[in-house]
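A short worksheet on the structure shown next.
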Amino acid sequence: MPGGSFRLEPVPEVDQPGVGELVYEGPNVMLGYAERSADLALGATLDELRTGDLARIRDGVWEVVGRRGRHA
């Protein structure tokens, strides 16, 4: 995704080396869910998305290995 990047944030409850929460940062991150109609007029207010995915990078490839929460 042009202009975006991924990084891993440490998760205290995860004891697997190299595994953290996958965070995406870029100009194309949007609001998420609107709770009221006025939210739709806000435009972009965030520049990063905490995905809730647990991931690691292996041989230059991001590998999703789980989720922080059990809902999808």
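According to our numbering, the sequence shown holds residues 482 to 553 in order. Yeah, the Cβ is synthetic: ideal placement off N, Cα and C, and Gly gets one too.
- [ ] Run the CB neighbour count on Leu503, radius 10 Å, all protein chains shown included, and call it buried at 16 or more, exposed below.
- [x] buried
Open item on the list: Among the candidates Leu489, Tyr505, Arg539 and Ala519, whose CA atom is the shortest distance from the CA of Asp528?
Closed with: Tyr505
Open item on the list: If contacts are defined as beta-carbon pairs under 8 Å, then Arg549 and Gly524 qualify, I think. What distance do you get, rounded to the angstrom?
Closed with: Contact between Arg549 and Gly524 is ruled out by a C-beta separation of about 28 Å, above the 8 Å threshold.
Open item on the list: I'd like to check one pair, Leu489 with Gly507: are the Cβ atoms closer than 7 Å?
Closed with: No, the pair does not count as a contact, with Cβ atoms beyond the cut-off.
Task: CB of Val545 within 7 Å of CB of Leu530, strictly - done: no
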